[in-house]
Structure formats: structure tokens, C-alpha cells
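*Asks:* Please read through the structure below; I'll follow up with questions.
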Amino acid sequence: MADVIDRICDLSLSRRAFIKASTAAVAGLSLAGCGNTLKTVSTPVKLEERWVTGSCIYDCGGRCLNKALIRDGIVIRQKTDDTHPDSPDFFQQRACNRGRSLREHVFAADRLKYPMKRKHWEPGGGNKSLRGIDEWERISWDEALDILASELKKAKENYGNRSILIPHTSTRDRDINKVISLYGGYVSTWGTTSFGSWGTTATKVGYLFFSPDPVNDRIDMRKCDTVIMLGLNPAWSSPGSAFYHYLQVKEAGAKFIAIDPFYTDSAAALGAEWLPVRPGTDTALLLGIAHTLIVEDDPVTNPLIDWDFLKRCTIGFDAESMPKDEDPKENFKDYVLGTYDGHPKSADWASKICGLEPRQIRYIAHELRKDKKVAFLSSWAPARTSNSDGLPQLMMTLGAMTGHIGKSGHMTGCSVHRGGGNGGPYFLYKVGADKLPAIPRKVNDYINFSDLWQALLDGHYKSTGNKALLKAEEKELDIHVILQSSSNILGTTPNVLKGIEATRKVDFVAGLGQFLTASVKYSDLVLPVTTGWENVGEINRLGTKEALIISTQVIEPLYEAKTDRWIAIELMKRLSLKESDLFPFSEKQAFFNTIANTTVIDQSGKVTVPAVKTESSANLIMNTTVIQDAATFVPLARITAEDITEWGVQGAPQDGIVPFKELLEKGVYQIERKPGDNLEYIAFKKFVDDPEANPLKTSSGKFEIFSRDLANTINNMGYSSIKPIPTYIPPIEGYEDTFTDWNTQTKGEYPYQIVSLHHLSKAHTNFSNNPWLMEAWNNPIYMSSKDAESHKLKENDTVLVSSKYGKVLRTAHITERMMPGTMAIHHGCWPDIDNATGIDKGGSDNVLLGTPATGAGLNAYNSCLVKIEKWTDTPLIPDVEKSLDIIF
Numbered sequence: 075m076a077d078v079i080d081r082i083c084d085l086s087l088s089r090r091a092f093i094k095a096s097t098a099a100v101a102g103l104s105l106a107g108c109g110n111t112l113k114t115v116s117t118p119v120k121l122e123e124r125w126v127t128g129s130c131i132y133d134c135g136g137r138c139l140n141k142a143l144i145r146d147g148i149v150i151r152q153k154t155d156d157t158h159p160d161s162p163d164f165f166q167q168r169a170c171n172r173g174r175s176l177r178e179h180v181f182a183a184d185r186l187k188y189p190m191k192r193k194h195w196e197p198g199g200g201n202k203s204l205r206g207i208d209e210w211e212r213i214s215w216d217e218a219l220d221i222l223a224s225e226l227k228k229a230k231e232n233y234g235n236r237s238i239l240i241p242h243t244s245t246r247d248r249d250i251n252k253v254i255s256l257y258g259g260y261v262s263t264w265g266t267t268s269f270g271s272w273g274t275t276a277t278k279v280g281y282l283f284f285s286p287d288p289v290n291d292r293i294d295m296r297k298c299d300t301v302i303m304l305g306l307n308p309a310w311s312s313p314g315s316a317f318y319h320y321l322q323v324k325e326a327g328a329k330f331i332a333i334d335p336f337y338t339d340s341a342a343a344l345g346a347e348w349l350p351v352r353p354g355t356d357t358a359l360l361l362g363i364a365h366t367l368i369v370e371d372d373p374v375t376n377p378l379i380d381w382d383f384l385k386r387c388t389i390g391f392d393a394e395s396m397p398k399d400e401d402p403k404e405n406f407k408d409y410v411l412g413t414y415d416g417h418p419k420s421a422d423w424a425s426k427i428c429g430l431e432p433r434q435i436r437y438i439a440h441e442l443r444k445d446k447k448v449a450f451l452s453s454w455a456p457a458r459t460s461n462s463d464g465l466p467q468l469m470m471t472l473g474a475m476t477g478h479i480g481k482s483g484h485m486t487g488c489s490v491h492r493g494g495g496n497g498g499p500y501f502l503y504k505v506g507a508d509k510l511p512a513i514p515r516k517v518n519d520y521i522n523f524s525d526l527w528q529a530l531l532d533g534h535y536k537s538t539g540n541k542a543l544l545k546a547e548e549k550e551l552d553i554h555v556i557l558q559s560s561s562n563i564l565g566t567t568p569n570v571l572k573g574i575e576a577t578r579k580v581d582f583v584a585g586l587g588q589f590l591t592a593s594v595k596y597s598d599l600v601l602p603v604t605t606g607w608e609n610v611g612e613i614n615r616l617g618t619k620e621a622l623i624i625s626t627q628v629i630e631p632l633y634e635a636k637t638d639r640w641i642a643i644e645l646m647k648r649l650s651l652k653e654s655d656l657f658p659f660s661e662k663q664a665f666f667n668t669i670a671n672t673t674v675i676d677q678s679g680k681v682t683v684p685a686v687k688t689e690s691s692a693n694l695i696m697n698t699t700v701i702q703d704a705a706t707f708v709p710l711a712r713i714t715a716e717d718i719t720e721w722g723v724q725g726a727p728q729d730g731i732v733p734f735k736e737l738l739e740k741g742v743y744q745i746e747r748k749p750g751d752n753l754e755y756i757a758f759k760k761f762v763d764d765p766e767a768n769p770l771k772t773s774s775g776k777f778e779i780f781s782r783d784l785a786n787t788i789n790n791m792g793y794s795s796i797k798p799i800p801t802y803i804p805p806i807e808g809y810e811d812t813f814t815d816w817n818t819q820t821k822g823e824y825p826y827q828i829v830s831l832h833h834l835s836k837a838h839t840n841f842s843n844n845p846w847l848m849e850a851w852n853n854p855i856y857m858s859s860k861d862a863e864s865h866k867l868k869e870n871d872t873v874l875v876s877s878k879y880g881k882v883l884r885t886a887h888i889t890e891r892m893m894p895g896t897m898a899i900h901h902g903c904w905p906d907i908d909n910a911t912g913i914d915k916g917g918s919d920n921v922l923l924g925t926p927a928t929g930a931g932l933n934a935y936n937s938c939l940v941k942i943e944k945w946t947d948t949p950l951i952p953d954v955e956k957s958l959d960i961i962f
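Here my numbering is used: the first residue of the sequence shown is 75, the next is one more, and so on.
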């Protein structure tokens, strides 16, 4: 058999060539690194095979079951959940294409194999302009950690801990971050990232954006007559189980309407009626819908509005429901009707902005009427636009106007990520804590992602103290060290070119990772980190609310990659920190503690408590809080003294539902559901049934269509201003900005809007180099045939896409599924900057994006204007045919 691994390591293979080579020989490989590690079996030998549950933790929201078949230290096959028969009620935790390609990810030829430093780096930085283009030198772990410790000490001694930046987009703190916290702290980052305005404004008006979710669960959703999807595409963004739940709603007979600039795969599979709207104009559209509801409602002949709901559960809809100390004229109804400003927010007004015809806007209003069972659902995407702070408040307002909140078969809100198609909190299990010491933050500096690169260049930033939603103040900033420890911040943050400029300014940059991502590529020092398959294991904390995935170590660490914990402990030694102050026990012990402390609802996975009968419904639907208050939680794992001895950990035997070994072998514990099981979740039911007895956590205790608290919060931050009611504020780099003159409709230099699509081939920037996924899908720019024709473009022509912030090359995909005037690009492609021209050949959306933050520090990933032109130079090489970045 050919020595495939040596070939891969020694040659500059393309990704497509690697697919062919690795597929042909994978069954005969044993890989622990390049060199003399290939084992070729010349005679039949019976090798031990075993299935192991491997982590699938990249941030798509699915967190599904992923099994790896191990033979002689290598994964030869993968499979997903087959632990029980699949059914709509008791569904399998099936992995998507991304999870099923993890073998190519973990065993990738372009994995970072050894610690490295930039060839021309020297203490103080050396020639910083070479970051990203310099050669690499392999070094030992001792030398790498000595360098890192030395640069951290130097920064702290000369400039203080506020000179150290660890940017990250995840709430999960890496072990090395905790070390720097113990060492005195560091400057960090914050932003709305995926959540958009849902994550910052929804809770201020009494609404929700995540878990507990603002929509009902999957079983109750089947009772809906109509599902209206605003920017919702679960078939791409969360394809594990979420889309399966929507298919069951379709099977139950629901009608689907998709409001989106792109006719998505979800819309196609669900047979949805497509109503194309321009990016960033959703607020105008919703106001036009509200206007139609108000002017066409007649309680007798045409009952559209649920006036009882508005009166009992909201404030601020009309003059009569305004707070006593506020001007009655500032109410929502009079704003929509234009009573005082003379500008009705009618369907005709909204049509000119959003692109739908007035009759289509009125049609949506009629579909929302109170006497239908409607699920009015949004993803986070429409809220990832500038000046969209009122969007969640406005969706809530429409749900309140039509009574689609708090009742079976009625729901309004955000249904996405791990709660996609299955709302509700994680009330069926509680994942145990690993009991590691908490380290308080000693540096209270957080920089908004949209401000990050400019802040590093300017030496000052807008501080809101503890992350977000506090009054802002300008503070000086003097960063000398950047430690890229977790998220690929340079690839995931808007304005990549400015990010490269800022990164090249500081004295020292260190990057931890598994691949040469943008953040690692522009570092001085590189530390290779293990993947989830090489770590001791973990319990999935962010998957479906009905199942727990327990992953264990699949393979030994490849090459010289080390775990986060190992790196952190070795760094502590060099910083004269005491290991036990942060890590009092091993990674294996921490994992065991987590398992031992994880509990689930009673022995059978079901709960039998008295159902609560409400005045408004004869259905015996349980409220989540009631279930949690009444249920008994018991340990999940049944652990024996033999288990503890065999694992070599400290602990005590305990009773539990599943034997410890069986739990690890099976890798999943799932609670079986069925209609009428007393576990159905109806969002806000307790409040809607009795608002006085169950007030919301707002100043009024009700849903706030008028919220002084929200307005004060946003306005104090100093990015831009809003009113207490949801109003339309034209987005920065929105549709109106495509014109130099709105009245004459004269187009400007950047006439097209562009949005970032979360695609099947990536989870943010993860898997962007995965050869299987790149072979299956390319990364084009999507455009309508009308726009392509105006530039004389054909399918697969190379196109130069330019914004105010950067330029990228992509091939054209011409489709009738894209709304004219709007284009789309995949989120998460790695930048590949041509140093001579500054043009990105990798197709990174964040090279094009750079819109400044507005409102609550919104990171406006879907507010961007571009122009396009046919590229007449050398055609773009398909991503899958590019050479792998194989270092050593």
C-alpha cells in the first residue's frame, strides 16, 4: 500500500487530491504523526474494533450523536444515533453532514502538528509586517511556553494587565484564559454576534431570545395552522434535528410562509410560499403589517386583533395603556397611524422599503389574524442588521396584537439554534458542575467586536464596563499582547483587513488552534491544540433539551498537540502560579465529577405531577416552572466502587438511572416524549393566564410595547438612539444607502445589498478547510439572473465583489432564488489575502463587512453594500483545488 501519510505530508496536495488519497487507503492507516507511523497490513490480521462516542461540539446548535469506529488507533468509519428506533415523537439524535465529516477534520493533513514560531520574530516583535506571510520554524514545547510566559511577564511588568487582550466570542472560558485571569486579568471582547438585537433588547421588554425559549415546543407546534418564517432556514443553519421537527409540523397539515431575500432549502422542502424582502427592512415590513391590522380590524365582521390580550398583558399600545408618567401621544398605535407625525406606516409606505407589494403585506396581516393558530417565528439573522434594536419588540407587539403568545398552537418569537423547532428550557436534566474554582475578573475592560480593530489602532475605545448594556465611557487602550485562545476572532469579526493591520501593530501575538486559521496565521507563536476527539470527554451542555450526549476520548492526541488544560498548567509553572488554585484535580477527575453530578427527572424520565387546569383552556398543559418545582431530579449515572477504581478517580458509589459503563458506551441519554405526556411547553402560558399573579421581569410586569427602560439602556450606550416604542430607523448600509438620492432612486457606488448565509458546509469558520464538505459544496456569490445579466455574467464566471472595507473574488451562482438587488455569500470562509493586491481569494464575508455598531452595540453582519464586476484576470481556482496549508 502506498505511504499515503508521507505523501500528504511531503507534497503540496490539493484538497481534492487529498480526498482521493485518504479515501483509498484509510482502512490501512494508523496515524500518530508523519514519519514512520504508517502500518501496512500485508496478511490478514484481526484487529480490535470498537465504537466510541466522539464530541461534535462546533457551534451549529445541533450537538448530535457522533460515533466513531476505532481500529488500531484510527477512525475507519462514523455513524450516528441508532440507539433506538426513530419516530417523530422519540427522534434519534442524528448528526448532519458536518458531524459526519469529523474524521476528515481530526485526521486532516493540514492539522497543526508542532509548536512553531515565526521565522523573523524576535522579542519586541521584530518585523511585524511579516505576520501572515513569514515562514514558520518548528520549536519545542518548552521553548514555545517559555516565549509565551516571557512576553506575558514583560507586558504585565511594563504596561499592566490591561495591555493583554484575549478576544473571544464564546461564553466558555478556555483554561488558558483562566490562567491569565489568575495572573491579574486581561482585556476581553463582547458583542451581539449571532444573536443580533435578540440578545440585547428582547429581555428588556419582557421577551426571550434563547432558553427558556419564547416559542412552544415541537409537539405543540404541530397544532399550528400556519407557520410564518422570518429569515428562518434550519435546513442549513441547524440541520441536526431542528429541521426534522418542522417537517413534522408540515406533516400535521400546517401551511408555511417564508419571508426572506433568499428562497431557502427550508422553504423549498416545506413547500413554503416565498415572499422576498430586502435585508434590514423587516422592521418596515412589520410596521406595515401592524398598520393593516389596525385599520382593517373589526371585532364583529373582521376580528384581526386580540384586544383582550393587549389590555391584560401589555402597556403602550394605545394612549389608554400608556404609563401614567409618559406622554400619551407617544403610544405605538398613533405612531403607526401617523396621527401626530403625518406619516402613516401603511402597507404602501412599507412596500417601497421592503420590496413586497402592498397586497402581499396585507396578506401576511390577514394570515396573522387572532382566530388562526399561528407560529410567527424568526431566526437571529434579521436582527443582525444595524439599527434593528426595535425588531424583537416589534415581533412581540405583533404577537400580542393577534394573541399568538401563551396558548397552545400559538407562538411568536425566535426559534433557532439548539431551540430550533423545539422551544423551552432545559427542564428535563441538569448537567453537573466540575467544581473548578471560580476566578473573578480583575480587569473590567470589554471591547465591542465592531470597535475592536479601530480601538487597537486608535488607542481608545467605548467602554460599557461589564460587557454590555451599561452607560458608555471613553477609555484609553494600550494593547501589547494578543492571545488568540479560542474563537477565530480575525476570521469571524468584521473588517478583516483592518484586523490584520491592528494585529500587526502590537508587540506579540500567540495563537492556539488546530489549523492555520486567520487568527493563527497572523500570529508570532503557534501552539497546536487537541480536538474534541483527543480530549478526555465531556457532557454536551448545549444540545437538545430532551437528550444528553456524553462523549469520550476517541484517539490519542495526534502529533504534538496538547490539551488546553496541559498548556494552561505548563504556563502556570512559568508564571509562578499554583496549579491547585485553578486546577485542583485532573481533567479525567473533572469529567467524572460532571457525570456524577448530572441529574435527570425521576427514574423513568417522566414526571407525574398534578396538571394545572386554567380558565382559558381545558387542556391539561403543564407549565415549565410547575414541572421543575414538583419534579424530583435523580442522578443519571449509577456508579459502583469498581467503576471508580477502574477509572482511577476519587468519588463515592451512587444510585442512578443508567450504569456508568453503559452510559459511556451508549453515549446518549434521551427522555421519550409523546403528545399529552405532561411535559409540553407553552411559552409565557403562566403569565398570559394570570398576568397579575405572574408578572414578567419588566418595570410594568407586562410585555412593554412602550419601554422607557429599553430606550434608556440603548441610548446610554452611546452608539445611536431609539424611542421607547419600536420605530423604523434606516439601517447604516441598508437599502436606502444604495441610493445617492432616495427621491429620484439614483443608485450609488455600491448598489447591492449582501447577506451572509450560514451554510451546511460550515459551522461559523469551522470546517472551512474540510475536503469532503468542500467537494460537496463550493462557496459562490449568489445573485439573481437579472443582476447577472446587467453585468453580462454567466454561471461560474469569476466575480470581483467590492465594499468600502475590502474585496473578494468568488464565482457566480446565478439563480432565481435570490431577490434582485440582493446578493449572498457563505459565512465562515477563511480569508486568503493576496499580498500584492489586497484582494481576498478565500471568499471571507468579513473582508467585505465593516459596518459600525449601532444601538446596543449591534454587530451588523447583514448590513453591507457591495458592487460587482466581471474579473478578467486569471480565473479563481476552486477552493477544493487549492493546495493544503501543510506545515511540517
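Even for Gly, the Cβ is constructed at its ideal location relative to N, Cα and C.
Is the beta carbon of Ile-961 sitting closer than 8 Å to the one on Leu-186?
*Replies:* Going by C-beta atoms, Ile-961 is nearer than 8 Å to Leu-186.
*Asks:* Just checking, does the segment 864-873 make contact with the segment 168-176 on the three C-beta pairs under 8 Å criterion?
*Replies:* Touching, no.
*Asks:* Should Leu-105 be labelled buried (16 or more other beta-carbon atoms within 10 Å of its own) or exposed?
*Replies:* Any reading at Leu-105 needs caution, since the residue's pLDDT is 42, under 50, leaving its predicted position unreliable; the model's value is listed next. With 16 or more other Cβ atoms within 10 Å, it is buried.
*Asks:* Between Ile-331 and Thr-357, is the Cβ-Cβ spacing less than 8 Å?
*Replies:* Cβ distance not < 8 Å, so Ile-331 and Thr-357 don't count as in contact.
*Asks:* Kindly indicate which residue of Val-279, Asp-959, Arg-124 has the alpha-carbon position closest to the one of Pro-769.
*Replies:* Here the closest residue by C-alpha is Val-279.
*Asks:* Examine the Cβ distances between the segment 735-751 and the segment 424-433 and report whether three or more of them are shorter than 8 Å.
*Replies:* Result no; under three Cβ-Cβ pairs closer than 8 Å.
*Asks:* Can you look up Thr-885 in the DSSP assignment and give me helix, strand or coil?
*Replies:* Correct three-state label for Thr-885: strand.
*Asks:* Per DSSP, Pro-125 is paired with what?
*Replies:* One detail in the question is off: residue 125 reads as Trp in this sequence, not Pro. Answer is Leu-143.
*Asks:* Around the C-beta of Lys-141, are 16 or more other C-beta atoms found within 10 angstroms, so that it is buried, or is it exposed?
*Replies:* Per the 10 Å Cβ criterion, buried.
*Asks:* DSSP on Gln-33, reduced to helix/strand/coil?
*Replies:* This structure leaves residue 33 out entirely; the chain is present only between 75 and 962.
*Asks:* Where do the ends of the alpha helix (DSSP H) carrying Gln-744 lie?
*Replies:* Run containing Gln-744: none in the alpha helix (DSSP H); it sits in the beta strand (DSSP E), 742-744.
*Asks:* Hey, how far is the Cα of Leu-222 from the Cα of Asp-184?
*Replies:* Cα-Cα distance, rounded: 24 Å.
*Asks:* Quick one: residues in its chain with C-beta nearer than 7 Å to the C-beta of Thr-591, no 5 flanking neighbours on either side, listed in chain order?
*Replies:* The answer, listed in chain order, is Asn-562, Gly-565, Thr-839, Trp-904.
*Asks:* Please say whether Asp-919 and Ser-858 have beta carbons closer to each other than 8 Å?
*Replies:* No, Cβ-Cβ distance for Ser-858 and Asp-919 is not below 8 Å.
*Asks:* Could you say which of Arg-386, Ala-229, Leu-451 lies nearest to Pro-765 if we only look at CA atoms?
*Replies:* The residue with the shortest Cα to Cα distance from Pro-765 is Arg-386.
*Asks:* To which residues of the same chain is Ile-154 closer than 6 Å at the C-beta, ignoring the five residues directly before and after it?
*Replies:* The sequence as given places Thr at residue 154; Ile does not occur at that position. Hits under 6 Å: Leu-139, Arg-168, Ala-169.
*Asks:* With three or more C-beta pairs closer than 8 Å as the rule, is the segment 880-889 touching the segment 814-825?
*Replies:* The segment 814-825 is not in contact with the segment 880-889.
*Asks:* Ile-389 and Lys-776 look like a contact to me (Cβ under 8 Å); what is the Cβ gap, rounded to whole Å?
*Replies:* Contact holds; Cβ gap of about 5 Å.
*Asks:* Buried or exposed: which applies to Glu-620, given that a residue is buried once 16 or more other Cβ atoms fall within 10 Å of its Cβ?
*Replies:* It counts as buried.
*Asks:* If we count the other Cβ atoms within 10 Å of its Cβ and call it buried at 16 or more, is Asn-518 buried or exposed?
*Replies:* Burial call: exposed.
*Asks:* Buried or exposed: where does Glu-955 fall if 16 or more other Cβ atoms within 10 Å of its Cβ makes it buried?
*Replies:* Flag for Glu-955 reads exposed.
*Asks:* Which residue's Cα is closest to the Cα of Lys-297: Lys-760, Val-873, Gly-362, Gly-327?
*Replies:* When each option's Cα is compared against that of Lys-297, the closest is Gly-327.
*Asks:* Please specify which runs of the beta strand (DSSP E), each continuous and at least 3 residues long, are wholly inside the segment 784-850, giving them in chain order.
*Replies:* The segment 784-850 contains these whole beta strand (DSSP E) runs: 813-815, 826-831.
*Asks:* Taking one C-beta from the segment 811-819 and one from the segment 304-319 each time, how about it: are there three or more such pairs within less than 8 Å?
*Replies:* Result no; under three Cβ-Cβ pairs closer than 8 Å.
*Asks:* Go ahead and label Leu-531 buried or exposed: buried means 16 or more other beta carbons lie within 10 angstroms of its beta carbon, across all protein chains shown.
*Replies:* Leu-531 should be labelled exposed.
*Asks:* Quick check: what's the CA-CA separation for Val-261 versus Ser-524?
*Replies:* Those two C-alpha atoms are separated by around 15 Å.
*Asks:* Pick helix, strand or coil for Thr-946, following the three-state DSSP scheme.
*Replies:* Correct three-state label for Thr-946: coil.
*Asks:* Gly-464 and Leu-932 - do their beta-carbons sit closer together than 8 Å?
*Replies:* No.
*Asks:* What does the Cβ neighbour count give for Thr-948, buried or exposed, with the cut at 16 atoms within 10 Å?
*Replies:* Label assigned to Thr-948: exposed.
*Asks:* Output the distance between the C-alpha atoms of Ile-213 and Glu-634, rounded to the nearest integer angstrom.
*Replies:* If I take the Cα positions, the gap works out to 11 Å.
*Asks:* For the candidate residues Ile-828, Leu-847, Trp-846, whose alpha-carbon lies nearest to that of Asp-861?
*Replies:* Checking every option, the nearest Cα to that of Asp-861 belongs to Ile-828.
*Asks:* Would you list, in sequence order, the uninterrupted beta strand (DSSP E) runs of no fewer than 3 residues that lie entirely inside the segment 243-275?
*Replies:* You should have 262-264.
*Asks:* With a threshold of 16 other CB atoms inside 10 Å of the CB of Glu-550, please say whether the residue is buried or exposed.
*Replies:* Glu-550 should be labelled exposed.
*Asks:* What is the DSSP secondary structure of Met-396, reduced to helix, strand or coil?
*Replies:* Met-396 falls in the coil class under three-state DSSP.
*Asks:* So, does the segment 598-609 touch the segment 128-135, judging by three or more C-beta pairs under 8 Å?
*Replies:* The answer is yes - the segment 128-135 touches the segment 598-609, with three or more Cβ pairs under 8 Å.
*Asks:* Look up Asp-415 in the DSSP assignment and say whether it is helix, strand or coil.
*Replies:* In this structure, Asp-415 counts as coil in the three-state DSSP scheme.
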